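Heads up, the thing below is written out as C-alpha coordinates.
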Amino acid sequence: RCPQCGKRRNYNFPRVRSKTIKCEGCGEKTKCLFNRRPQLREPQSGYLTLKTKDGKEIVVMLRDISSGGIGFEVTKGKDLRSIKMGQEISLTANWNPRLIPKSRFKVRNIYGFRVGAMIKR
1 RCPQCGKRRN
11 YNFPRVRSKT
21 IKCEGCGEKT
31 KCLFNRRPQL
41 REPQSGYLTL
51 KTKDGKEIVV
61 MLRDISSGGI
71 GFEVTKGKDL
81 RSIKMGQEIS
91 LTANWNPRLI
101 PKSRFKVRNI
111 YGFRVGAMIK
121 R
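Under my numbering, the first residue of the sequence shown is numbered 1, with each subsequent residue one higher.
In C-alpha coordinates:
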(Lines of atoms letter the chains of each structure in order from A and count residues from 1; the text may use other names and numbers.)
(Lines give C-alpha, C1' and ligand atoms only; values in the text may rest on other atoms or scores of the structure.)
Protein backbone atom coordinates (compact mmCIF):
# COMPACT_ATOMS: atom_id res chain seq x y z
CA ARG A 1 0.00 0.00 0.00
CA CYS A 2 1.36 3.41 -0.99
CA PRO A 3 1.84 5.71 2.05
CA GLN A 4 1.18 8.77 -0.14
CA CYS A 5 -2.01 7.92 -2.08
CA GLY A 6 -3.13 4.62 -0.49
CA LYS A 7 -3.16 2.60 -3.72
CA ARG A 8 -2.57 -1.15 -3.30
CA ARG A 9 -0.49 -3.38 -5.52
CA ASN A 10 0.77 -6.96 -5.11
CA TYR A 11 4.31 -7.88 -6.12
CA ASN A 12 6.25 -11.14 -6.22
CA PHE A 13 9.93 -10.80 -5.30
CA PRO A 14 11.57 -14.18 -4.71
CA ARG A 15 14.71 -14.12 -2.54
CA VAL A 16 14.67 -10.32 -2.05
CA ARG A 17 15.08 -8.76 1.42
CA SER A 18 14.58 -5.11 0.47
CA LYS A 19 13.29 -3.34 -2.60
CA THR A 20 12.42 0.22 -3.60
CA ILE A 21 8.98 0.24 -5.20
CA LYS A 22 7.52 3.08 -7.28
CA CYS A 23 3.76 3.66 -6.98
CA GLU A 24 1.99 3.53 -10.35
CA GLY A 25 -0.63 6.01 -9.13
CA CYS A 26 1.37 8.94 -7.75
CA GLY A 27 5.00 8.03 -8.51
CA GLU A 28 6.03 7.94 -4.82
CA LYS A 29 9.06 5.70 -4.13
CA THR A 30 8.98 3.57 -0.99
CA LYS A 31 11.63 1.23 0.39
CA CYS A 32 10.09 -2.05 1.56
CA LEU A 33 11.70 -4.67 3.79
CA PHE A 34 10.50 -8.27 3.55
CA ASN A 35 10.75 -10.82 6.36
CA ARG A 36 11.03 -14.30 4.90
CA ARG A 37 11.56 -16.16 8.16
CA PRO A 38 9.26 -19.10 8.85
CA GLN A 39 9.15 -18.19 12.57
CA LEU A 40 8.57 -14.67 13.81
CA ARG A 41 11.40 -13.11 15.81
CA GLU A 42 10.48 -11.20 18.94
CA PRO A 43 12.74 -8.30 19.89
CA GLN A 44 14.05 -8.79 23.44
CA SER A 45 16.79 -7.29 25.53
CA GLY A 46 18.61 -8.32 28.66
CA TYR A 47 21.88 -9.87 29.75
CA LEU A 48 22.45 -13.62 29.32
CA THR A 49 25.18 -15.94 30.49
CA LEU A 50 26.69 -18.00 27.69
CA LYS A 51 28.56 -21.21 28.55
CA THR A 52 30.82 -22.96 26.08
CA LYS A 53 31.48 -26.71 26.12
CA ASP A 54 34.89 -26.15 27.72
CA GLY A 55 33.26 -24.26 30.64
CA LYS A 56 34.01 -20.64 29.72
CA GLU A 57 31.27 -18.19 30.78
CA ILE A 58 30.61 -15.01 28.78
CA VAL A 59 28.06 -12.25 29.42
CA VAL A 60 26.11 -11.39 26.24
CA MET A 61 23.18 -9.07 25.38
CA LEU A 62 19.98 -10.70 24.11
CA ARG A 63 18.58 -9.02 20.95
CA ASP A 64 15.84 -11.31 19.62
CA ILE A 65 14.31 -14.72 20.19
CA SER A 66 12.10 -17.09 18.20
CA SER A 67 10.78 -20.61 18.68
CA GLY A 68 13.77 -22.01 16.76
CA GLY A 69 16.66 -19.76 17.71
CA ILE A 70 18.12 -16.73 19.41
CA GLY A 71 20.13 -13.63 18.46
CA PHE A 72 22.56 -11.91 20.80
CA GLU A 73 25.52 -9.52 20.85
CA VAL A 74 28.86 -10.16 22.49
CA THR A 75 29.75 -7.14 24.61
CA LYS A 76 33.56 -7.56 24.51
CA GLY A 77 35.70 -8.27 21.46
CA LYS A 78 38.03 -10.64 23.30
CA ASP A 79 35.03 -12.81 24.26
CA LEU A 80 33.98 -13.05 20.61
CA ARG A 81 37.17 -14.99 19.84
CA SER A 82 35.99 -17.90 21.98
CA ILE A 83 32.77 -18.33 19.94
CA LYS A 84 33.08 -20.27 16.67
CA MET A 85 30.65 -21.25 13.91
CA GLY A 86 29.05 -24.63 14.61
CA GLN A 87 30.02 -24.50 18.28
CA GLU A 88 27.58 -25.89 20.86
CA ILE A 89 26.66 -23.42 23.63
CA SER A 90 24.13 -23.05 26.42
CA LEU A 91 22.44 -19.80 27.46
CA THR A 92 20.74 -18.80 30.72
CA ALA A 93 18.80 -15.70 31.69
CA ASN A 94 19.14 -15.15 35.45
CA TRP A 95 16.40 -12.50 35.41
CA ASN A 96 13.85 -14.86 33.74
CA PRO A 97 14.80 -18.56 33.87
CA ARG A 98 11.74 -19.62 31.78
CA LEU A 99 12.61 -17.31 28.86
CA ILE A 100 15.21 -19.63 27.35
CA PRO A 101 14.55 -23.37 27.13
CA LYS A 102 16.89 -25.80 28.89
CA SER A 103 18.56 -26.95 25.69
CA ARG A 104 21.79 -26.52 23.83
CA PHE A 105 22.23 -24.08 20.96
CA LYS A 106 24.42 -24.32 17.88
CA VAL A 107 26.09 -21.13 16.59
CA ARG A 108 24.90 -20.60 13.00
CA ASN A 109 25.99 -17.05 12.17
CA ILE A 110 28.53 -14.47 13.37
CA TYR A 111 28.35 -10.97 11.89
CA GLY A 112 30.46 -8.38 13.69
CA PHE A 113 29.57 -8.64 17.37
CA ARG A 114 26.16 -10.17 16.55
CA VAL A 115 25.70 -13.94 16.89
CA GLY A 116 22.78 -16.12 15.79
CA ALA A 117 22.20 -19.58 17.25
CA MET A 118 19.59 -22.28 16.68
CA ILE A 119 18.21 -24.78 19.16
CA LYS A 120 20.12 -28.03 18.78
CA ARG A 121 17.70 -30.89 18.24
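Using N, Cα and C, we set each Cβ at its ideal position, and we do this for glycine too.
It should be emphasised that the depicted structure is a prediction, and the values quoted were computed from it without experimental measurement.
*Compute the beta-carbon to beta-carbon distance between G71 and G112, rounded to the nearest angstrom, for a pair I have assumed lies under 8 Å.*
With a Cβ gap of about 12 Å, G71 and G112 do not count as contacting.
*Hey, D64 and Q44: beta-carbon distance below 8 Å or not?*
Against a cut-off of 8 Å, the Cβ pair of Q44 and D64 comes out as a contact.
_G116 in three-state terms, based on DSSP_ = Of the three classes helix, strand and coil, the one that applies to G116 here is strand, per DSSP.
*Express the C-alpha separation of R8 and E73 in angstroms, rounding to a whole number.*
When rounded, the distance between both Cα atoms is 38 Å.
*Run the CB neighbour count on V60, radius 10 Å, all protein chains shown included, and call it buried at 16 or more, exposed below.*
V60 is buried by the Cβ-count criterion.
_Residues near D54 in its chain [Cβ-Cβ closer than 7 Å; skip 5 each side]_ = No residues qualify anywhere along the chain.
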